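K.L.:
FYI, in the working numbering the residues of the sequence shown are -13 to 147.
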Amino acid sequence: AVVSTQSGHYGRGEPFLDLLNRPDEFIVNQSCLILAKVISLGSFRLDDANLSWFVNWQCSQLVESNNYLHTVLASQQLMLRVPEYRSTFYESSALDKMLNVLSTRISFQLQYQIVFCLWLLSFRLTYSHKLLDFIKPTANILRQAKKEKSTDCDSALIPLL
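Written out as structure tokens, the structure reads:
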């Protein structure tokens, strides 16, 4: 897992990627969040193969029964702020998994995190057709929302679709 910087220097991402295979859920999910921060907020970037593996691992965690779903979504929120990561995310099964999770009874915070991820993806016009599946669940969230941050995010997303 080579992590490269824009300056051409190389660091190693194996410790965090390797920790994603541990049996301890807490360690796994904290490693996920740390790795997402390192590759999103700093100058380090995963190579394409490791980025694809990491995004697919995140997708496998997008299930309602995951006790750390909020952590996985937080890591995706970080990563989707980086435009070069959006295509890998879009080409994965993440949107289908998010739609499945969004159609269940999840907490307000998880709804907000999913809608925020969709909002970040909506800045790329070519992704709009796949995001259309989210209009109905997002409208339902908007209708039931009691928190301002949810209505703001939902209201910002719907016109972009």
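Cβ atoms here follow ideal geometry from the backbone N, Cα and C, with glycine treated the same way. Just so you know, these numbers come straight off a predicted model, no measurement behind them.
1. Give a yes or no on whether the minimum CB-CB distance between Phe40 and chain B is below 7 angstroms.
2. Let me know the secondary structure DSSP gives Arg31 once reduced to three states.
3. For the alpha helix (DSSP H) containing Asp10, list its first residue and its last residue.
4. Rounded to the nearest angstrom, what separates Gln97 and Leu88 at their Cα positions?
5. Between Leu3 and Ala60, what straight-line distance do the alpha-carbon atoms span, to the nearest angstrom?
6. Just the C-alpha distance for Asn52 and Gln44, rounded to the nearest angstrom, thanks.
7. Please confirm whether Lys116 and Leu81 have their CB atoms less than 7 angstroms apart.
8. So, for Phe120: in the same chain, excluding its five sequence neighbours on each side, which residues have a beta-carbon less than 6 angstroms away from its beta-carbon?
9. Span of the alpha helix (DSSP H) holding Val58?
10. What is the C-beta distance between Arg67 and Leu107, in whole angstroms, given that I count them as a contact (C-beta under 8 angstroms)?
11. Could you pull out every residue in the same chain whose Cβ sits closer than 7 angstroms to the Cβ of Leu19, ignoring the five residues on either side in sequence?
12. According to the neighbour-count rule (16 or more other Cβ atoms, all chains shown, within 10 Å of its Cβ), is Leu111 buried or exposed?
13. Which of the three DSSP states is assigned to Gln130 in this structure?
14. Would DSSP call Glu50 helix, strand or coil?
15. Starting from Phe75, trace the alpha helix (DSSP H) both ways and give me its first and last residue.
P.N.:
The relevant details are as follows:
1. Although the question refers to chain B, the structure presented lacks it and comprises just one protein chain.
2. strand
3. Here Asp10 belongs to no alpha helix (DSSP H), and DSSP marks it neither H nor E.
4. 7 angstroms
5. 17 angstroms
6. 11 angstroms
7. yes
8. Leu104
9. Leu55 to Met65
10. That belief does not hold up - the Cβ atoms of Arg67 and Leu107 are roughly 11 angstroms apart, past 8 angstroms.
11. Thr57, Ala60 and Ser61
12. exposed
13. helix
14. coil
15. Pro69 to Glu77
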